[in-house]
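K.L.:
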Amino acid sequence: MGGMHGFGHVEPEPGEPVFHAPWEGRTFGLMLVTGAVGLRSGPLRPRIEGLPPAAYLASSYYERWAAAVEVALVDEGTLTADEIEARAATAGPEPTRSEATSPELVAAIPRFLDSPQPTSGVPVDSAFAVGDRVTVRRMAPEAHHRCPRYVRGASGTVTHIAGGWPHPGDDTPEAVCTVRFAMTDLWGDDAEPGHLYIDLWERYLA
Amino acid sequence: MTATGDAQDQAAHDHDTRGRAAAPAGAIERRVAAIESLLVEKSLITSDTVDAVVAAYERDIGPLNGARVVARAWADDDYRRRLLADGTAAIGELGYGGAEGEHLVVVENTPEVHNLVVCTLCSCYPWPVLGLPPRWYKSFAYRARAVREPRAVMAEFGTTVPDDVEVRVWDSSAEVRYMVLPLRPPGTDGAAEDQLAALVTRDHMIGVVR
Numbered sequence: 003m004g005g006m007h008g009f010g011h012v013e014p015e016p017g018e019p020v021f022h023a024p025w026e027g028r029t030f031g032l033m034l035v036t037g038a039v040g041l042r043s044g045p046l047r048p049r050i051e052g053l054p055p056a057a058y059l060a061s062s063y064y065e066r067w068a069a070a071v072e073v074a075l076v077d078e079g080t081l082t083a084d085e086i087e088a089r090a091a092t093a094g095p096e097p098t099r100s101e102a103t104s105p106e107l108v109a110a111i112p113r114f115l116d117s118p119q120p121t122s123g124v125p126v127d128s129a130f131a132v133g134d135r136v137t138v139r140r141m142a143p144e145a146h147h148r149c150p151r152y153v154r155g156a157s158g159t160v161t162h163i164a165g166g167w168p169h170p171g172d173d174t175p176e177a178v179c180t181v182r183f184a185m186t187d188l189w190g191d192d193a194e195p196g197h198l199y200i201d202l203w204e205r206y207l208a
Numbered sequence: 040m041t042a043t044g045d046a047q048d049q050a051a052h053d054h055d056t057r058g059r060a061a062a063p064a065g066a067i068e069r070r071v072a073a074i075e076s077l078l079v080e081k082s083l084i085t086s087d088t089v090d091a092v093v094a095a096y097e098r099d100i101g102p103l104n105g106a107r108v109v110a111r112a113w114a115d116d117d118y119r120r121r122l123l124a125d126g127t128a129a130i131g132e133l134g135y136g137g138a139e140g141e142h143l144v145v146v147e148n149t150p151e152v153h154n155l156v157v158c159t160l161c162s163c164y165p166w167p168v169l170g171l172p173p174r175w176y177k178s179f180a181y182r183a184r185a186v187r188e189p190r191a192v193m194a195e196f197g198t199t200v201p202d203d204v205e206v207r208v209w210d211s212s213a214e215v216r217y218m219v220l221p222l223r224p225p226g227t228d229g230a231a232e233d234q235l236a237a238l239v240t241r242d243h244m245i246g247v248v249r
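Chain order of the listed sequences is F and H. In terms of our numbering, the first sequence opens at residue 3 and continues consecutively. In terms of our numbering, the second sequence opens at residue 40 and continues consecutively.
1. By how many angstroms is the C-alpha of residue 177 of chain H removed from the C-alpha of residue 59 of chain F?
2. With a 10 Å radius around its C-beta and 16 neighbouring C-beta atoms as the bar for buried, classify residue 129 of chain F as buried or exposed.
3. Would you tell me roughly how many angstroms separate the C-alpha atoms of residue 243 of chain H and residue 237 of chain H, rounded to the nearest one?
4. With a cut-off of 7 Å, does the C-beta of residue 166 of chain F fall near any C-beta of chain H?
5. Secondary structure at residue 65 of chain H, three-state DSSP: helix, strand or coil?
6. Residue 103 of chain F and residue 87 of chain H - do their beta-carbons sit closer together than 7 Å?
7. Taking only the alpha-carbon atoms, compute the straight-line gap between residue 240 of chain H and residue 159 of chain H and give it to the nearest angstrom.
8. Report the start-end ranges of each beta strand (DSSP E) in the stretch 138–190 of chain H that is 3 residues or longer and not cut off at the edges.
9. Per DSSP, what kind of secondary structure is residue 217 of chain H in: helix, strand or coil?
10. Does residue 40 of chain F pass the burial test, meaning 16 or more other C-beta atoms within 10 Å, or should it be called exposed?
11. Assuming residue 169 of chain H and residue 224 of chain H are in contact, meaning their beta carbons sit under 8 Å apart, how far apart are those beta carbons, in whole angstroms?
12. If you reduce the DSSP assignment to three classes, tell me which class residue 199 of chain F lands in.
13. Please list the partners that residue 77 of chain H has in chain F, where partner means a Cβ-to-Cβ separation under 8 Å.
14. Residues of chain C with CB under 7 Å from residue 206 of chain F, in chain order?
15. Measuring CB to CB, does residue 177 of chain F end up less than 7 Å from residue 204 of chain F?
16. Bridge partners for residue 177 of chain F per DSSP, in chain order?
17. Taking the alpha helix (DSSP H) that residue 108 of chain F falls in, what are its first and last residues?
18. For residue 187 of chain F, I'd like the list of residues in its chain whose CB is within less than 8 Å of its CB, leaving aside the five on either flank, ordered along the chain.
19. Starting from the beta carbon of residue 163 of chain F, find every residue of chain H whose beta carbon is closer than 7 Å, and list them in chain order.
20. Report the option in H:245, H:74, H:175 whose CA atom is closest to the CA atom of residue 17 of chain F.
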């Protein structure tokens, strides 16, 4: 959504809680737990971005997560769309509580969420070097990717090779370059002064 | 959930998706409850695991972690250099890391440079040091505007960056998560790290406040 107009002011909320309602926390917890226990596989971002645009724009952040978790569980065959639909029609706001517990998984959660895991990008050869002038390719991919529209076609300078990561949908690491753009090269002569930095897989660059 | 709670949820929901059609209050709540209930009743998950994730972010993982990193960098110049050279490793020295913190880069504010972090594609955010993002960070307004008119956005937080300071916006849409190392406030020489950490807010580390 970089650069779009019409969304109004940014509205900070003093004293904002982490979750604004219990269901937001449950959604977030389900997102992590269903992944941890193997009830769904693969990242959820493609599923969030795969929502129809009108639904995406009409949904809050955790509504999008909830939709993505639901789609993933149905795709994996863990639940069926019909049973979710039927249950949602009659469910109360409080989920069923299990008698059973999972002490090992509960103990592992802090290690996953909050302990150092230095797994930064692996060193890879890059077609580009720091200081290179690059232009972002024009493209219109349908599959999940990480190249925002607002940088496509613009030229900038490589400032850093962040490391190698598999591009979404791929298995092998590919160089990700940090590219610096002048604001005027993105937004025109009357842009605010300054620079934009963004990490781009080298397949996006020429 | 009480009627008052429903009303608050509805108000929050309207606020979140301002000007657009919104799901009826309670529909999403029932849908999420249905999914969790089905998973629990099929013995695929247990409730305590979801509780543990919620508790971790409500209680333990928040911007105080990042504030401690900043305070250490202000107090210890060697640490500051390590932090700027390899954020993931230096932040790991303080015991922080994990989901959405596997590849951390810290960008330093200086008298000449001010940094601002956004994710235009979704809402990527360095969870281990800042916790989960505030609603405004995830808002369409912030995601759309921070890259195009960062000074105008910062002004909405009461922040004026002097004209001779270069604004650098970091769109963290790939695998690296960014955090800002703010300027150390004047008059804090000799302050202990705990005192320094108390001066650092989440908004400093996102960069909407200088």
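Here a beta-carbon is modelled for each residue, glycine too, at the ideal position from N, C-alpha and C.
P.N.:
Taking the structure as given:
1. 12 Å
2. exposed
3. 12 Å
4. no
5. coil
6. yes
7. 22 Å
8. 143–147, 152–157
9. Collapsing the DSSP output to three states places residue 217 of chain H in a strand.
10. Result: exposed.
11. At roughly 20 Å, the Cβ-Cβ gap does not stay under 8 Å, so residue 169 of chain H and residue 224 of chain H are not in contact.
12. strand
13. 81, 85, 86, 89
14. Absent from the structure: chain C. Protein chains present are F and H.
15. yes
16. Checking the DSSP bridge columns, you'll see residue 177 of chain F partnered with F:166.
17. 105–115
18. 156, 157, 158
19. Near residue 163 of chain F there are no residues of chain H at all, since even the closest Cβ is about 11 Å away, more than 7 Å.
20. Out of H:245, H:74, H:175, H:175 has the C-alpha closest to the C-alpha of residue 17 of chain F.
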